[in-house]
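Visitor: This is the structure I have questions about; it appears just below.
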Amino acid sequence: MPGKRPNPVMWLYYQFGGTLPERHREWVLHDGTCRTWLLRVLLRGLLQIAPLAAVVFVGLGVFGGSWPIAAGALLLGLLVVARIVLTSAVDNVDARLVRHGYPPGHGSAVRRQRDAEAAERYRAVWRNSPDA
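Following the UniProt record's numbering, the numbering of the sequence shown begins with 1 at its first residue and continues without gaps.
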């Protein structure tokens, strides 16, 4: 993994939208363009909503009286958050990379290049014409 990984406090700050120092710039690019970038974005979104979800869950459970209804409301809320996070993932990652000094659209270009290289490796291995 290229770049210096942030410490846990800086990582948490980054997860909630903060900009990391210059020494973490390459790690931020890796975070937004690695093979698991979409999963990272989803987990970031769920982490950001977790404190509010916990308060709502406890509030509904304690003051609403029905734990199954509280759990159902929490699940529906998390599904809505997941949909919003995933539909805006590309734009959010590209904006995050711009805040760290990369040109607009750089993350998408890096991911497209990586995917094209992977497709070419696949074709080279599995789509060779049989020798006759």
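Glycine included, C-beta positions come from ideal geometry on N, C-alpha and C.
1. Do Gly45 and Val93 have their C-beta atoms closer together than 7 angstroms?
2. If we count Cβ pairs, one from each stretch, closer than 8 angstroms, do we get three or more for the region 25 to 38 versus the region 92 to 109?
3. Classify Tyr122 as helix, strand or coil using the three-state DSSP reduction.
4. Please report how far the alpha carbon of Ala54 lies from the alpha carbon of Gly17, in whole angstroms.
5. Could you tell me the distance, in whole angstroms, from the CA atom of Leu42 to the CA atom of Tyr14?
Guide: To lay it out plainly:
1. no
2. yes
3. helix
4. 20 angstroms
5. 14 angstroms
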